[in-house]
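Scroll down for the structure; my scribbles are underneath it.
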Amino acid sequence: MTDIAPDMWAKVPAGAAVPPPPPPAPTYGQEVRRRLWANKPAVISIVFIVALVLAAFFGPYLSPHTYFRQDLKLSNIPPAFETYAVPQEDGSVTRFFLNASNFNLYEVDAEGHVLGLLRGGRKDIIKKSQPYEFGDQAVTLDYSRLPARLLLEDGTELRPSGWSWNRTYLFGTDQLGRDILVRQLYGAQISLTVAFVATLVNFCIGVFYGGIAGYVGGRVDAVMMRIVEIISTIPLTLYVVLLMVVFDSGLLSIIVAIGSVFWVDMARIVRGQILSLKSQDYVAAARTMGASPTRILTKHLLPNSIGPIIVTLTMLIPSAIFIESFMSFIGLGVTPPLASWGSLTSEAVETLRTYPHQLFFPAAAISLTMFAFNFLGDGLRDALDPRLRG
Amino acid sequence: MIGYLAQRLGMMAVTLFAIITLTFFLMHAVPGGPFVSERMLAPEIAAALNAKYGLDLPIWQQYLNYLGSIASFDLGPSFKYPGVSINSMIAAGLPVTLQTGLLAIICVVALGVPLGVIAALNRNRWPDTTVMFIATLGVAIPSYVIATVSLYVFALRLGWVPTFGLDDWRGYFLPVFALSGFWISFVSRLTRSSLLETLEQDYMTTARAKGLKPGQILFKHGLRNSLLPVVTVLGPVVANLVTGSFVIEQIFALPGIGRQFVLSITNRDYTAIMGITIFYAAILMVMILIVDLLYVWLDPRIKLTKAAA
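These protein sequences, in sequence, are chains A and B. To get the numbering used here, take the position in the first sequence, counting from 1, and add 1. To get the numbering used here, take the position in the second sequence, counting from 1, and add 232.
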């Protein structure tokens, strides 16, 4: 107890200013929010995830390109290129760039918009060269020695005039001439959808299963937990693979496959929480007042165990993203032309030797997203339950 | 001990039975038979093929036959490669998978634990922050991304290692690195937090007060107690290395079981998928059992009867 000074017992004159009451102690929710906002990586992660979700779901509508339209004439275009300029007699300038891996010339304008593939003369297979005509100027593409060179009529080498960003296809195009940026956003959309929905399915099954096992207890609990034990010894990735083989690849089946398999951890955690909470007095009170088990479970037990559930949920999302991309990588995920980060990565691996930049985007996207969810999960864990801080 | 072992083995048998049953009926739930995707077969030939592989029998009889052949360690013939048995497929791939897998486990222990110890002993100084930064990277980046990026950098760009195959000893670097990257990071994080906790225990102060050498304190009292959680994750490590090997063997074109498995998936070779799944499951369960026994042996505080209950 605080010491009460004698003068505090003195009578307060009528009409004197009443000191304001102390501010109410922060509620649990406010405390959690304060701790979460104080955690820089977690806040950055939230911003990143929100931005990613917005970009993934609205970005594709803002682009003139679609994820499925192919243009084989404009395949494997890089996101940045060195332009060459050939001045014409009438004062205009023809600009183009050389794709050093497939020996094609593409016409571009001064800002870096790709105008199209340039048609050259007949290729000389023996001498490995191809003539091009630009008005009155003739340029020969010589690829007998690598890197390929462009030669003018007098035999001097044509020098590039400088680097330019690709304004038509910001991230370039893939091997079928599809815009990589749009496919990337579209892939994010699929990957995130699969991850969120599968996590939600896992959440529902896990809460339902763990809730019943924990609340009913006794023999039912023993049997249910034995089943969980058996399931957790089975390598689950193998089962997702088997389910995908049975269902045939597709968006819905991968959601079902992931959603039906990874609920075991959630069930365990919910059961543990419920077991420790159900002997609390307020549960006994609710029971005495005649609340049904469903009501006790949904109104009392689950809300009080929400912390660990949310943390498990946040940790489930990156593993769902990972499993989905893993499946797509080995060819069991979504079917082309649909894209996901996994299938984009495996497509990029095919052209790794010649167009390594195509690997960069999906690899960076999935890694950053995994980071964000991991940091967010850690942050939430620390904020919801500071005792668990690792 | 014997009782515990018997109980665990019984549990394993039940699990394996469940896996076999589940796998069998899942694979038979696939619409159409194994020969449907082939060129149109004359009905007589299809009937002969079905009879040869016992597919004309009722499903329960096929199931019993399958159980019987597995009991005699025969996983049956492949439907895609005539005359090749699943057993020989596994036997061909096992050495490769085992080599890379064992090397990866060795890397996990030999790199993950020391890194964690270094981080814990230099808490909040640069070695700690460096190790933890790399470990955070390693936990978040998927193994196939590590594999493809390192393939590009070290094999294609720098040319230090071959791009595929294991003919050269340098060929082991990238697959093992990609396989173990996640778990090295995970184990070093775990070792760090567990050792930090142990360092604060009273018996550590006692050991210091007795005037023991720092090395003795660290190895005899600190590490021995803080490595227990690390041993617990070794079971999942094995499981994960196995599934990781699907992609890694695919990327580096290693002729192991993982690649065989992915190939049978693309080929829709149902008996091979079934057989390899069951084989994997059995291996994993044995590994997890070994890890559990190791755990009991390392930590005398755990009573076997208690663990079994």
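We treat Cβ as the ideally placed atom computed from N, Cα and C, and that holds for glycine. Owing to the predicted nature of the structure, the values given are computational and were not obtained by experimental measurement.
| Check | Outcome |
| --- | --- |
| What is the DSSP secondary structure of PHE249 of chain B, counted as helix, strand or coil? | helix |
| Taking the alpha-carbon positions, what's the SER347 of chain A to VAL340 of chain B distance? | 26 Å |
| Give a yes or no on whether the minimum CB-CB distance between THR498 of chain B and chain A is below 9 Å. | yes |
| Who are the Cβ neighbours of PRO148 of chain A in its own chain at under 8 Å, not counting the five residues just before and after it? | ALA101 |
| Anything in the stretch 321-340 of chain A with a Cβ closer than 7 Å to a Cβ of chain B? List those residues in chain order, please. | PHE323, SER326, PHE327, PHE330, ILE331, GLY332 and LEU333 |
| Residues in its own chain within less than 6 Å of PHE248 of chain A by CB, not counting five upstream and five downstream? | SER254 |
| Does the separation of the CB atoms of ASN375 of chain A and THR362 of chain B fall below 9 Å? | no |
| Closest to ASP230 of chain B by C-alpha separation, out of B:PRO487, B:PHE386, B:LEU390 and B:PHE409, would be which residue? | Since the displayed chain B opens at 233 and closes at 541, residue 230 of chain B lies outside it and no answer follows. |
| Looking at the unbroken beta strand (DSSP E) that takes in ALA139 of chain A, where does it start and where does it end? | 138-143 |
| Would you call the stretch 317-336 of chain A in contact with the stretch 482-498 of chain B, where contact means no fewer than 3 C-beta pairs closer than 8 Å? | yes |
| Closer than 9 Å, CB to CB, is LEU252 of chain A near chain B or not? | no |
| Any idea which residues DSSP pairs ASP125 of chain A with across the strands? | A:SER130 |
| Label SER310 of chain B either buried or exposed according to how many other C-beta atoms from any shown protein chain fall within 10 Å of its C-beta, with 16 as the threshold for buried. | buried |
| Going by alpha carbons, who is nearest to LEU345 of chain A out of A:LEU314, A:GLN176, A:GLY378 and A:ILE256? | A:GLN176 |
| Here's a check: name, in chain order, each residue in its chain whose Cβ is nearer than 8 Å to the Cβ of GLY251 of chain A, leaving out the five neighbours to either side. | VAL335 and THR336 |
| For a test of the three-state rule: what should DSSP assign to PHE372 of chain A, helix, strand or coil? | helix |
| Which residues, taken in chain order from the stretch 221-243 of chain A, show a beta carbon closer than 7 Å to some beta carbon of chain B? | ILE231, THR234, ILE235, PRO236, THR238, LEU239, VAL242 and LEU243 |
| Considering PRO61 of chain A, what are the terminal residues of the alpha helix (DSSP H) in which it resides? | 41-63 |
| Using a 10 Å radius around the Cβ and a threshold of 16 neighbouring Cβ atoms, would you call HIS301 of chain A buried or exposed? | buried |
| Mind the definition here: the stretch 458-476 of chain B touches the stretch 421-429 of chain B only if three or more C-beta pairs lie below 8 Å; say whether that holds. | yes |
| Measuring only between beta-carbons, confirm whether MET371 of chain A sits less than 9 Å from chain B. | yes |
| Can you find the residues in the same chain that come closer than 6 Å, C-beta to C-beta, to ALA541 of chain B, ignoring five residues on each side of it along the sequence? | The pLDDT assigned to ALA541 of chain B is 36, lower than 50, so where the model puts this residue is not dependable; a value taken from the coordinates is nonetheless given after this. Correct list: empty, nothing qualifies. |
| THR207 of chain B lies in the alpha helix (DSSP H); which residues open and close that run? | For chain B, the structure presents residues 233 to 541; residue 207 of chain B sits outside this window and is missing. |
| Determine contact between the stretch 348-368 of chain A and the stretch 266-275 of chain A, defined as no fewer than three beta-carbon pairs at a distance below 8 Å. | no |
| Less than 9 Å between the beta carbons of ALA513 of chain B and THR332 of chain B, yes or no? | no |
| Please report the distance separating the alpha-carbon of VAL183 of chain A from that of PRO79 of chain A. | 15 Å |
| Straight-line CA distance for PRO304 of chain A to ARG382 of chain A? | 16 Å |
| If you compare alpha carbons, which of B:ASN457, B:ILE449, B:ASP434 and B:THR437 is closest to SER426 of chain B? | B:ASN457 |
| If you count every other CB in all the chains shown that lies within 10 Å of the CB of GLY215 of chain A, and 16 or more means buried, which is it? | buried |
| Against chain B, does GLY391 of chain A count as a neighbour if the rule is that its beta carbon must be under 9 Å from one of theirs? | At GLY391 of chain A, the pLDDT of 43 sits below 50, so the modelled position is not reliable; the number obtained from the coordinates is stated separately. Yes, GLY391 of chain A counts as interfacial toward chain B. |
| Report yes or no: is there a C-beta of chain A within less than 9 Å of the C-beta of TYR295 of chain B? | no |
| Pull up the CB-CB distance for ILE471 of chain A and ALA286 of chain A, whole angstroms please, since I reckon it's below 8 Å. | Absent from the structure is residue 471 of chain A, since the part of chain A shown begins at 2 and ends at 391. |
| Is it true that the stretch 305-315 of chain A meets the stretch 141-155 of chain A, where meeting means three or more beta-carbon pairs spaced less than 8 Å apart? | no |
| Taking beta-carbon pairs under 7 Å, can you tell me which members of the stretch 497-517 of chain B lie near chain A? | ILE497, THR498, ILE505, THR509, TYR512, ALA513, LEU516 and MET517 |
| How should HIS453 of chain B be labelled, buried or exposed, when 16 other C-beta atoms within 10 angstroms of its C-beta is the threshold for buried? | buried |
| Starting from the beta carbon of ARG354 of chain A, find every residue of chain B whose beta carbon is closer than 9 Å, and list them in chain order. | TYR384, LEU388 and THR395 |
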